[in-house]
Each structure stands twice: as structure tokens, then as C-alpha cells.
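Novice: Shown below is the structure under consideration.
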């Protein structure tokens, strides 16, 4: 790679860096203007937690059981699986894709199935 090619290669990234810096500058200016221009008159009434117009009752701290997080995690795993599965299914019939892509997707689904089987065998999916 010659020196001129190297310079043009880095010039494209310089443009991207400049655009990122301008975007961060605009966001920073908006936050600064908001902090400087807004009125700040906190009262005890304004500092109360808003609960849809109803006076708050009790404390604002609630703990969730761990089992909710397990189901949320499993949902994320299968949502990501669907993100990869649907585009693959739409291009699978193209003539350039063959058995190799089918095997790759079956291996991918196999890993997810093994993970689900492991969670089921450990009793993670039991609600009680």
C-alpha cells in the first residue's frame, strides 16, 4: 500500500470522525442550553414522585423475583434467534446458497436448543 493510498484511506475516517464530533457538539450544546435556560425552583411538591396523578402510597422501592429475569433473558435469546432466522429464510432459496448455509443455520439452532435443554434440565423454567 503506497503512501498516497494510505492518506486517502485515513481521510475517509477523518470525515467520519468530524461528523461524529459535530453530532456530539450539537448534543452537548443542547444539554448546556437546557441547563442554563430552564427555571429551577424546586419545591417539596415538585419533588414528590409522580404516579399518574394519584398521591404516592408507600415506598418507591420494589424488588422483583429473579425468575422474571430468567424469562426476560430467554426472550432476548429467542428474539435474537428470530432476527437471524427470518432474513436467512428469505434468501435461502437463492441459487448461490446451498447446503452449507442450511448446515450453518442448523448448527446455530442446535446451540440454542442445547442451551434451552440445559435450562430445562436444571429446572430454571419451573415457575415455583
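Residue numbers (the working numbering): -14 to 113. Ideal Cβ placement from N, Cα and C applies to all residues, glycine included.
Could you check what DSSP says for residue 89 in three-state terms: helix, strand or coil?
Specialist: DSSP places residue 89 in helix when its eight states are reduced to three.
Novice: Residue 6 to residue 19, Cα distance in whole Å?
Specialist: Roughly 20 Å separates the two Cα atoms.
Novice: Are residue 109 and residue 55 close, meaning C-beta to C-beta below 7 Å?
Specialist: Closer than 7 Å, so yes.
Novice: So the candidates are 32, 73, 102; which of them puts its Cα closest to the Cα of residue 90?
Specialist: The shortest C-alpha separation from residue 90 is found at 73.
Novice: Would you mind reading off the limits of the alpha helix (DSSP H) that contains residue 75?
Specialist: Counting along the chain, the alpha helix (DSSP H) containing residue 75 begins and ends at 51 to 76.
Novice: Which whole-angstrom value describes the C-beta separation of residue 34 and residue 41, a residue pair presumed to lie in contact below a C-beta threshold of 8 Å?
Specialist: Yes, they are in contact, since the Cβ atoms of residue 34 and residue 41 sit about 5 Å apart, within 8 Å.
Novice: What does DSSP give as the partner residues of residue 30 in its beta bridges?
Specialist: DSSP, once it has assigned bridges, lists no residue as partnering residue 30.
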